[in-house]
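Beneath this line is the structure, given in structure tokens, with notes to follow.
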Amino acid sequence: MWPLWEVFIRSKQGLDHKHVGSLHAADAQMAIEAARDVYTRRMEGVSIWVVESKYIHASNPDDSAAFFDPANDKVYRHPTFYQVPDEIEHM
Amino acid sequence: MEVNPELLFQGKIDAEVKIEPRDWMPPAYRKTLIRQISQHAHSEIVGMLPEGNWITRAPSLRRKAALLAKVQDEAGHGLYLYAACETLGVDRETLLNELHSGKAKYSSIFNYPTLTWADMGAIGWLVDGAAIMNQVPLCRASYGPYARAMVRVCKEESFHQRQGYEIMMTLTKGTEAQKRMAQDALDRWWWPSLMMFGPSDTDSPNSAQSMKWKIKRFSNDELRQRFVDYTVPQAEFIGLRVPDADLRWNEERQHYDFGAIDWEEFQQVLSGNGPCNRERLQARVDAHEQGAWVREAATAYAQKHQRQTV
């Protein structure tokens, strides 16, 4: 069986490539052409990236509570944490 | 303190938090999803066969282009779904083997023959209509990859139903023979379409668990009723008669009452004794086996190309 590829599509100029799904293909060229046929039959994309799935490294969902914890208690990183009088505009 | 993972999981489901591939899930949830998504994928793939029968005989270029696009979409939908299924840890080869060996099921509707051009109309209108009714709630299924695949499928499928209805409408405005052809197609496809929603709630043992896991959002009978309520006026509008002597509007319920479904027929077709079961499966197996050289050639080409670039 051909390897699995993850497919990322830029839907229009100016936007990020976004993961849309995966497919099997013999090589990168075939993966791109298959991605065009499978994921962009209605002009859903202007650019395609494919990455062989085995090269994707991901954070572990079982650890996500601890892993993302450092950002959890830092409300002072958000603008609403700071008091500014109502009379002040453009801020 | 050790938290029960099963409770944690159900808590996420209840809070409408989607489950993603590497998240913990109960083995039975995984198994149910693999069964449901692969059956769904197989249905898309086998579903190409009854319509493939008419592509070369479509009555106009417009109809031919539409039918070809629809069948291509079905191939695409099968692939979205196989890919979603593979995120659960089952590989494509296993899934295909299960289909080809007859172990896996697919929607029983595709075991009926497509006898006339009007069947292309009836399939698009009724079969895709029923599929859409089933699939729209699946866009909110609790398993992320399945829900995302269904969003794509639903977006693409509404043209399928509309082109089918247009075919029926055109036939009903045609000659007497064309009208009869349209009525005959509705007569043959109506009941199998109602069966597409699956057994009645009282005979559907897995339904309650699937609802609790939010894989399913509505019961089989609810969706079937909605399909009847939507479709009967569509038939009336083009002057076709729904083949059910017991069909009537129930003012009190604000729904159509309809006749009893022949579940014996459903079970027969599901267990392999429908008019086309063997033909459909054989066509799939032949396509797979006769396509083996293409897969091998592509692999060989990729290897050769890789050696040259290294």
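In the order they appear, the protein sequences are chains A and B. Mapping the first sequence onto my numbering, position 2 (from 1) lands on 899, and the numbers just tick up by one. Mapping the second sequence onto my numbering, position 164 (from 1) lands on 197, and the numbers just tick up by one. For glycine and all other residues, C-beta sits at the position ideal for the given N, C-alpha and C. Bear in mind that the values here come from a model prediction, so they are computed numbers and not experimental data.
* Going by beta carbon distance, what residues of the same chain come within less than 8 Å of B/R133, once the five residues before and after it are set aside? -> The amino acid occupying residue 133 of chain B in the given sequence is His; Arg does not appear at that position. The answer, listed in chain order, is L314, R317, V318, H321.
* **Simplified DSSP assignment, three categories, for B/N130** => DSSP places B/N130 in the helix class (H, G or I) of the three-state scheme.
* Inter-residue spacing [alpha-carbon to alpha-carbon] between B/W223 and B/A48 -> Distance between the alpha carbons of B/W223 and B/A48 is about 38 Å.
* To do: In angstroms with no decimal places, state the Cα-to-Cα distance between B/R221 and B/Q194.
  => Taking the straight line joining both Cα atoms gives about 17 Å.
* To do: Over the uninterrupted beta strand (DSSP E) stretch that includes A/L901, give me the two end residues.
  => Counted as a single uninterrupted DSSP element, the beta strand (DSSP E) harbouring A/L901 occupies residues 901–907.
* To do: Please list the residues of the region 89–110 of chain B that have a C-beta atom closer than 9 Å to any C-beta atom in chain A, keeping them in chain order.
  => Using a CB distance below 9 Å, the part of the region 89–110 of chain B facing chain A consists of A102, Q105, D106, A108, G109, ordered along the chain.
* **Cutoff 7 Å; reference B/I46; Cβ partners in own chain excluding five residues on either side** => Cβ within range, chain order: S175, W246, K247.
* Would A/E859 be called buried (16 or more neighbouring beta carbons within 10 Å of its own) or exposed? -> In the structure displayed, chain A extends from 898 to 988; residue 859 of chain A sits before or after that span and is not available.
* Given a cut-off of 8 Å, decide if B/I67 and B/V104 are closer than it, judged by their beta-carbon atoms. => Result no, Cβ atoms of B/V104 and B/I67 do not sit closer than 8 Å.
* Asked: What are the boundary residues of the beta strand (DSSP E) that B/E269 is part of?
  -> Annotation: B/E269 is outside any beta strand (DSSP E); the continuous alpha helix (DSSP H) that includes it extends over 253–270.
* At least one CB of chain B closer than 8 Å to the CB of A/S919: is that the case? -> Output row for A/S919: interface = yes.
* To do: Compare the C-beta of B/L112 with all C-beta atoms of chain A and state if any pair is closer than 8 Å.
  => The beta carbon of B/L112 sits closer than 8 Å to some beta carbon of chain A.
* Quick one: using the 10 Å Cβ neighbour count with 16 as the cut-off for buried, is B/S252 buried or exposed? => The residue is buried, with at least 16 neighbouring Cβ atoms inside 10 Å.
* Asked: If you draw a straight line from the C-alpha of A/G942 to the C-alpha of A/Q980, how long is it?
  -> Inter-residue distance for A/G942 and A/Q980 is about 44 Å (C-alpha atoms, whole angstroms).
* To do: Could you spell out where the beta strand (DSSP E) holding A/V917 opens and where it closes?
  => Residues 914–921.
* To do: Closer than 8 Å, Cβ to Cβ, to anything on chain A: give me those residues from the region 322–343 of chain B, in chain order.
  => Cβ contacts with chain A: R328, A331, T332, Y334, A335, H338, Q339.
* Asked: With distances taken from CA atoms, which of B/T208, B/A117, B/A98 is nearest B/R55?
  -> Closest option to B/R55, Cα to Cα, is B/A117.
* In angstroms, rounded to a whole number, what distance separates the CA positions of B/D254 and B/D161? -> Each residue's alpha carbon lies about 18 Å from the other.
* **Given B/I270 as reference, the closest of B/F260, B/S226, B/M201, B/S243 once Cα atoms are compared** => Here residue 270 of chain B turns out to be Phe, not Ile, going by the sequence shown. Per the C-alpha coordinates, the member of B/F260, B/S226, B/M201, B/S243 positioned closest to B/F270 is B/M201.
* With distances taken Cα to Cα, identify the nearest neighbour of B/D106 among A/I945, A/R933, A/K951. => For B/D106, the nearest C-alpha among the options comes from A/R933.
* With DSSP as the reference, label A/V947 as helix, strand or coil. => In this structure, A/V947 counts as strand in the three-state DSSP scheme.
* **Continuous beta strand (DSSP E) stretch holding B/Y176: start and end** => From DSSP, B/Y176 is part of no beta strand (DSSP E); its letter is neither H nor E.
* Asked: Thinking just about the alpha-carbon of each residue, which of B/Q168, B/P178, B/Y198 is nearest to the one in B/C187?
  -> Nearest in C-alpha terms to B/C187, of all of B/Q168, B/P178, B/Y198, is B/Q168.
* Asked: With a cut-off of 8 Å, does the C-beta of B/R125 fall near any C-beta of chain A?
  -> Yes - at least one Cβ of chain A is within 8 Å of the one on B/R125.
* With a cut-off of 8 Å on the beta carbons, I'd call B/T205 and B/A215 a contact; round off their distance for me. => With a Cβ gap of about 5 Å, B/T205 and B/A215 count as contacting.
* Asked: Is it true that the CB of B/W87 sits closer than 8 Å to the CB of B/W150?
  -> Their beta carbons are under 8 Å apart, which means B/W150 touches B/W87 by this criterion.
* Inter-residue CB distance, B/V21 and B/A268 (contact presumed, cutoff 8 Å) -> Limits of chain B in this structure are 34 at one end and 343 at the other, which puts residue 21 of chain B out of reach.
* Asked: Listing by chain order, which chain B residues have their CB less than 9 Å from the CB of A/P959?
  -> Before going further, note that residue 959 of chain A is Asp rather than Pro in the sequence given. Here the neighbours are R55, D56, W57.
* chain B within 8 Å of A/M927, Cβ atoms only -> A/M927 counts as touching chain B.
* **Length of the line joining the Cα atoms of B/E285 and B/F192** => Near 34 Å, if we compare the C-alpha coordinates of B/F192 and B/E285.
* Asked: Is the Cβ of B/A116 closer than 8 Å to any Cβ of chain A?
  -> Chain A, which has a Cβ nearer than 8 Å to the Cβ of B/A116, makes this yes.
* **Closest Cα partner of B/A335 within the set A/A968, A/A922, A/P958** => Of the candidates A/A968, A/A922, A/P958, the one whose C-alpha sits nearest the C-alpha of B/A335 is A/A922.
* Show which residues of chain B have a CB atom less than 7 Å away from the CB atom of A/V935. => Per Cβ cutoff of 7 Å: G109, L112.
* In its own chain, which residues sit with a C-beta less than 8 Å from the C-beta of A/K915, not counting the 5 before and 5 after it? -> Closer than 8 Å at Cβ, skipping near neighbours: F905, I906, R907, S908.
* Mind checking who A/I985 pairs with in its DSSP beta bridge? => A/I985 pairs with nothing; no bridge assigned.
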